[in-house]
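And the structure:
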């Protein structure tokens, strides 16, 4: 990790690395790095930041893969909460951009909103089974 | 709607506003599927998606596809207890727009008026917003049908309402100011009109900033008004500024950018900068081609402007190619209109094509010597157009009389009886209020019946029949030395006129004649006869000479035609 690297980039890079560990089946390394990314994100990033939600979800996935189902479930609940806050903030940002006439930026926010909504739907499916749509 | 459905719906709305139609369609299709699954096909959320799908179709120039979607949405909302008035009114406004787009003005007016009545007097902000938008829509409709005097009070009321519910610098106030300002400029009250337009731009600039699309749109309205007021230098400045501003909020390939480029090109053309006009129009046509259907109104108008500019630049072959394409697209749209409209509405639409035909005939007359194919094409165009007008009036009756749709006979009989009644009422010497009311009722029933008949008769496949029209087949029907003479009256276009120097783009009216010869060497000739006024006067003198009446000119011997130029 480079000392001068902004915290957001550090966490985003760690999350990418976690995903790579997950694909490669390196569970132990993945769990350790997911923990680090998650706790750094919770400590350093504001409440509705997308990377907080993503780090929580990654940690939940790694915990689940390592067989720690109880910890995974707890982390998924936290991730769901983070995603909902991020979604609300994103929707609010989109509305503000829209009403100020910045439609292209608003469109980007709208796409992000859809991505977040899909992630929430997926998490709800993992936690509560099919049919949960918030 | 759930989170995903709602997010997709918002994404689609924005994509639609940005002119990103493919993205809008993808998002709406999924949002519609989710809404149906989650809430069922009679739910208000599903109606919202249907409305948005209709808007997407209408904006892409497919109002005929939008109409049934809107009908379905309205049916759902009318049967949804507790549906807020402003939601139903919003769909009625969209329904009105779609009907207006296909020339069904009476229906459009009915829908706008219903929306207005639903919302009138409501204290809720959303209802008031929808109310002022409805007033503006109704005003725009009246403008389009030539009842301009009914538009102004509506626009003034919209501004009053907006000023009473919003802060003075709110963008909605700016929009209402713009609508009224535009109306006044177009009706020769330029001082008040431009004052309002400038004031409105300042309001929008202050509230939304110079980066906003609303600001760009307002600038473009000012630019258009300046062009209409023949203030071309200022119009060009505004157009360029509006385009630059629009580029800050729109992608380069959006239809709004193409629309602005078309406006700029028109100003260039008015100032005689035909090369710059051609460049802007080619770009606009390219953008429309990539984003809108080929027969979309805006796309056709941009291509028509390109044709006129190419003609001005003497690029005759390229101009002819574009002209053929424009007329073919217009005919395609017409087929749909004729299937739906009442007789009067269809004829209004056919009449609206006249200026394209005028331009085509002018181009043919001016270039007939160098391109015989142009004359043949123009002759077929005239025959098709004559066919359209006749078809607009008679096809359905012919079909029913022929027995192909005998079950429609009752409706046809009723239609004929109404027509007879209307004719009698119109010829009646009295004309009191009761009689006028009866006449209006009969006319309204007649228009509805005609629409029903047009929808029910599949044989009105006008497009197919007219596409098969070929001048050589008609020539083959002519026996021996016989010739078919087809007179046409057209307003002459001067493509290279520099309007900014007060050179006339159109006029005066002229007569021309097509001469179709059959026999062994079939041919079509186009002969320019001269100005209408002079010929009409000569004919009147000639008739007076024959009948022994007084002549208008007082000179009974002046009946000779101007010399003919045969090519």
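Protein chains in written order, with the working numbering: chain A, 1 to 134; chain B, 1001 to 1567. Think of the CB as a built atom: it goes at the ideal place given N, C-alpha and C, for glycine as much as any other residue. Bear in mind the structure is a predicted one, so any value in this text is a computation, not a measurement.
- prompt: So, helix, strand or coil for residue 1003 of chain B, using DSSP?
  reply: What you label residue 1003 of chain B is simply residue 3 of the second chain in a count that begins at 1. In the structure shown, residue 1003 of chain B sits in a helix (DSSP, three-state: H, G or I).
query: With contact counted as at least three CB pairs below 8 Å, one residue from each stretch, are the region 1290–1297 of chain B and the region 1264–1277 of chain B in contact?
result: no
task: Flag this pair as yes or no: are the beta carbons of residue 954 of chain B and residue 1201 of chain B separated by less than 9 Å?
output: Because chain B here runs from 1001 to 1567, residue 954 of chain B falls outside it and cannot be looked at.
field: Whole-angstrom distance between residue 1139 of chain B and residue 1243 of chain B, CA atom to CA atom
entry: Start at 1 with the first residue of the second chain, and residue 1243 of chain B comes out as number 243. Start at 1 with the first residue of the second chain, and residue 1139 of chain B comes out as number 139. So the alpha carbons of these two residues sit roughly 27 Å apart.
query: So, using beta-carbon positions, are residue 1383 of chain B and residue 1360 of chain B closer together than 9 Å?
result: By one-based count along the second chain, residue 1383 of chain B stands at place 383. By one-based count along the second chain, residue 1360 of chain B stands at place 360. No, Cβ-Cβ distance for residue 1383 of chain B and residue 1360 of chain B is not below 9 Å.
- prompt: Is there contact here, the region 1277–1285 of chain B with the region 1250–1263 of chain B, by at least three beta-carbon pairs under 8 Å?
  reply: Because the criterion of three Cβ pairs below 8 Å is met, the region 1277–1285 of chain B and the region 1250–1263 of chain B touch.
- prompt: Which two residues bound the contiguous beta strand (DSSP E) that contains residue 1528 of chain B?
  reply: Within the second chain, the letter at position 528 stands for residue 1528 of chain B. Here the beta strand (DSSP E) through residue 1528 of chain B covers 1523–1531.
query: Which residues bound the alpha helix (DSSP H) around residue 24 of chain A?
result: Walking along the first chain from the start, residue 24 of chain A turns up at place 24. Residues 7–24.
message: Beta carbons nearer than 8 Å to chain A: which residues of the region 1201–1214 of chain B have them?
response: Answer set for the region 1201–1214 of chain B: 1208, 1209, 1211, 1212, 1213 and 1214.
task: Take residue 47 of chain A as the anchor and find which of A/35, A/85, A/22 and A/113 has the nearest alpha-carbon.
output: As a first step, residue 47 of chain A is located in the first chain; it is residue number 47 there, counting from the start. Measuring from the Cα of residue 47 of chain A, the nearest candidate turns out to be A/85.
message: If we require 4 or more residues per run, which alpha helix (DSSP H) segments fall completely within the region 1102–1161 of chain B?
response: 1105–1119 and 1125–1144
query: Rounded C-beta distance between residue 1096 of chain B and residue 1108 of chain B? I'm assuming under 8 Å.
result: For the purposes of this step, residue 1096 of chain B is taken as the residue at position 96 of the second chain. For the purposes of this step, residue 1108 of chain B is taken as the residue at position 108 of the second chain. Rounded, the Cβ-Cβ distance is 4 Å, consistent with contact.
- request: State the Cα-Cα distance for the pair residue 1175 of chain B and residue 1222 of chain B, rounded to the nearest angstrom.
  value: Working through the second chain from its first residue, we reach residue 1175 of chain B at position 175. Working through the second chain from its first residue, we reach residue 1222 of chain B at position 222. In a straight line, the C-alpha of residue 1175 of chain B is about 12 Å away from that of residue 1222 of chain B.
Selected residue, minimal CA-CA separation from residue 109 of chain A, among B/1123, B/1469, B/1013 and B/1534: Here residue 109 of chain A is taken as the residue at index 109 of the first chain, counted from 1. Nearest option by C-alpha distance: B/1013.
- request: Could you tell me which residues DSSP pairs with residue 1491 of chain B in its beta bridges?
  value: Here residue 1491 of chain B corresponds to residue number 491 of the second chain, with the count starting at 1. Answer is B/1509, bridged to residue 1491 of chain B.
- request: Quick one: which residues of the region 1242–1266 of chain B get their C-beta closer than 8 Å to a C-beta of chain A? List them in chain order.
  value: 1249, 1250 and 1251
- prompt: Shorter than 9 Å from the beta carbon of residue 114 of chain A to some beta carbon of chain B?
  reply: The sequence position of residue 114 of chain A within the first chain is 114, counting from 1. Interface residue, yes.
message: Given this structure, state the Cα-to-Cα distance separating residue 1502 of chain B from residue 1481 of chain B, to the nearest angstrom.
response: Counting from one through the second chain, the residue named residue 1502 of chain B turns up at place 502. Counting from one through the second chain, the residue named residue 1481 of chain B turns up at place 481. About 47 Å.
query: Helix, strand or coil: how does DSSP classify residue 1396 of chain B here?
result: Counting from one through the second chain, the residue named residue 1396 of chain B turns up at place 396. No answer about residue 1396 of chain B holds up, because its pLDDT of 49 lies below 50 and its placement is not dependable.
- prompt: Got a sec: is the Cβ-Cβ distance from residue 85 of chain A to anything in chain B below 9 Å?
  reply: Numbered from its first residue, the first chain carries residue 85 of chain A at position 85. Chain B, which has no Cβ nearer than 9 Å to the Cβ of residue 85 of chain A, makes this no.
field: chain B contact for residue 27 of chain A (CB, 9 Å cutoff)
entry: The residue labelled residue 27 of chain A in the question sits at position 27 within the first chain. Taking Cβ atoms only, chain B never reaches closer than 9 Å to residue 27 of chain A, which makes this a no.
message: Please tell me whether residue 128 of chain A has its Cβ less than 9 Å away from any Cβ of chain B.
response: Translated into the one-based positions of the first chain, residue 128 of chain A becomes position 128. Chain B, which has no Cβ nearer than 9 Å to the Cβ of residue 128 of chain A, makes this no.
- prompt: Taking the alpha helix (DSSP H) that residue 1233 of chain B falls in, what are its first and last residues?
  reply: Locating residue 1233 of chain B in the second chain gives position 233, counting from the first residue. Counting along the chain, the alpha helix (DSSP H) containing residue 1233 of chain B begins and ends at 1232–1249.
- prompt: By a C-beta neighbour count over all protein chains shown, 10 Å radius and 16 as the cutoff for buried, is residue 1252 of chain B buried or exposed?
  reply: Stepping through the second chain from its first residue, residue 1252 of chain B is reached at position 252. Exposed, since its Cβ has fewer than 16 Cβ neighbours within 10 Å.
query: Any idea what DSSP makes of residue 1486 of chain B, helix, strand or coil?
result: By 1-based counting over the second chain, the position of residue 1486 of chain B is 486. Reduced to three states, the DSSP call for residue 1486 of chain B is strand.
query: In three-state DSSP terms, what is residue 1478 of chain B?
result: Locating residue 1478 of chain B in the second chain gives position 478, counting from the first residue. In the structure shown, the three-state DSSP call for residue 1478 of chain B is coil.
- request: Specify the secondary structure class of residue 1282 of chain B as computed by DSSP and reduced to three states.
  value: Along the second chain, one-based indexing puts residue 1282 of chain B at 282. Of the three classes helix, strand and coil, the one that applies to residue 1282 of chain B here is helix, per DSSP.
message: Against residue 1008 of chain B, what residues of chain A qualify as contacts under a CB-to-CB distance less than 7 Å, listed in chain order?
response: On the second chain, position 8 is the one that residue 1008 of chain B refers to. Those are 114, listed as they occur along chain A.
message: Strictly under 9 Å for the Cβ-Cβ distance: is residue 96 of chain A near chain B by that measure?
response: Position 96 of the first chain, counted from the start, is the residue given in the question as residue 96 of chain A. No - not a single Cβ of chain B is within 9 Å of the one on residue 96 of chain A.
Environment of residue 116 of chain A [buried if 16+ CB atoms lie within 10 Å]: Translated into positions along the first chain, residue 116 of chain A becomes position 116. Looking at its Cβ environment, which holds 16 or more other Cβ atoms inside 10 Å, residue 116 of chain A is buried.
- request: Quick one: residues in its chain with C-beta nearer than 8 Å to the C-beta of residue 1380 of chain B, no 5 flanking neighbours on either side, listed in chain order?
  value: Against the second chain, residue 1380 of chain B aligns to sequence position 380. Excluding positions up to five away in sequence, the list reads 1469, 1470 and 1471.
field: Outcome for residue 1314 of chain B when other beta-carbon atoms lying within 10 angstroms are tallied against a minimum of 16
entry: Mapped onto the second chain, residue 1314 of chain B falls at position 314. Looking at its Cβ environment, which holds fewer than 16 other Cβ atoms inside 10 Å, residue 1314 of chain B is exposed.
query: Looking only at its own chain, which residues have a Cβ that is under 8 Å from the Cβ of residue 1488 of chain B, when we skip the five neighbours before and after it?
result: In the second chain, residue 1488 of chain B corresponds to position 488, counting from 1. Around residue 1488 of chain B: 1361, 1382, 1511, 1512, 1513 and 1514.
query: If you drop the 5 nearest sequence neighbours on each side, which residues of the same chain put their C-beta closer than 6 Å to that of residue 1402 of chain B?
result: The residue you call residue 1402 of chain B lines up with position 402 of the second chain. Because residue 1402 of chain B sits at a pLDDT of 48, beneath the cut-off of 50, its placement in the model cannot be relied upon, and the point is left open.
Run of the alpha helix (DSSP H) containing residue 58 of chain A, from where it starts to where it stops: Residue 58 of chain A sits at position 58 when you count from the first residue of the first chain. Residue 58 of chain A -> alpha helix (DSSP H) spans 50–65.
- prompt: How would you list, in chain order, the residues of chain A whose beta-carbon sits under 9 Å from the beta-carbon of residue 1015 of chain B?
  reply: Position 15 of the second chain, counting from 1, holds the residue named residue 1015 of chain B. The contacting residues are 107 and 110.
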